[in-house]
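Asker: The numbering of the sequence shown is this note's numbering, which starts it at 2 and goes up by one. The structure that follows is given in the form of structure tokens.
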Amino acid sequence: MNGPPACQGCSHPLYTVCTRESGEGTTAAQWEVDHAYPGRCTYTPMFPLTGSAADVHDLPYAEHVLRRRD
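Next comes the structure, spelled out in structure tokens:
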């Protein structure tokens, strides 16, 4: 991913926090994703995205709210 992710609903930047536990066989990370700045967005009810996943795009609702940057 190049640069911070953006919201598909409002195009504003999102903050992403990822913590990984060290240890053998650990592939998942704990994620938190939300709008970097408060504002109006149709997807606000889906935020924050939180959970355990190998990649931020594997979180619930990620395919709906995260804009992919190429």
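Ideal Cβ positions, reconstructed from N, Cα and C, are used throughout, including at glycine.
Going residue by residue through the region 36–62, where are the continuous beta strand (DSSP E) segments of at least 3 residues, counting only ones entirely within it?
Answerer: Fully enclosed beta strand (DSSP E) runs of 3 or longer: 50–54.
Asker: According to DSSP, is GLU33 helix, strand or coil?
Answerer: Working through the sequence shown from its first residue, we reach residue 33 at position 32. If DSSP states are grouped into helix, strand and coil, GLU33 belongs with the strands.
Asker: CYS42 to GLU22, Cα distance in whole Å?
Answerer: As a first step, residue 42 must be located in the sequence shown, where it is residue number 41. As a first step, residue 22 must be located in the sequence shown, where it is residue number 21. Roughly 33 Å between the two C-alpha positions.
Asker: With burial defined as no fewer than 16 other Cβ atoms inside 10 Å of the residue's Cβ, what is the status of PRO6: buried or exposed?
Answerer: The sequence position of residue 6 within the sequence shown is 5, counting from 1. Buried is the call here.
Asker: If HIS13 and ALA37 are in contact, beta carbons under 8 Å, what's the gap, nearest whole angstrom?
Answerer: One-based indexing of the sequence shown puts residue 13 at position 12. One-based indexing of the sequence shown puts residue 37 at position 36. With 8 Å as the limit, HIS13 and ALA37 qualify as a contact, their Cβ atoms being about 7 Å apart.
Asker: Can you list, in chain order, the residues of its chain whose CB lies under 8 Å from that of THR17, leaving out five sequence neighbours each side?
Answerer: Translated into positions along the sequence shown, residue 17 becomes position 16. Once the five neighbours on either side are set aside, the close Cβ partners of THR17 are PRO5, PRO6, TRP32, GLU33, VAL34, VAL57.
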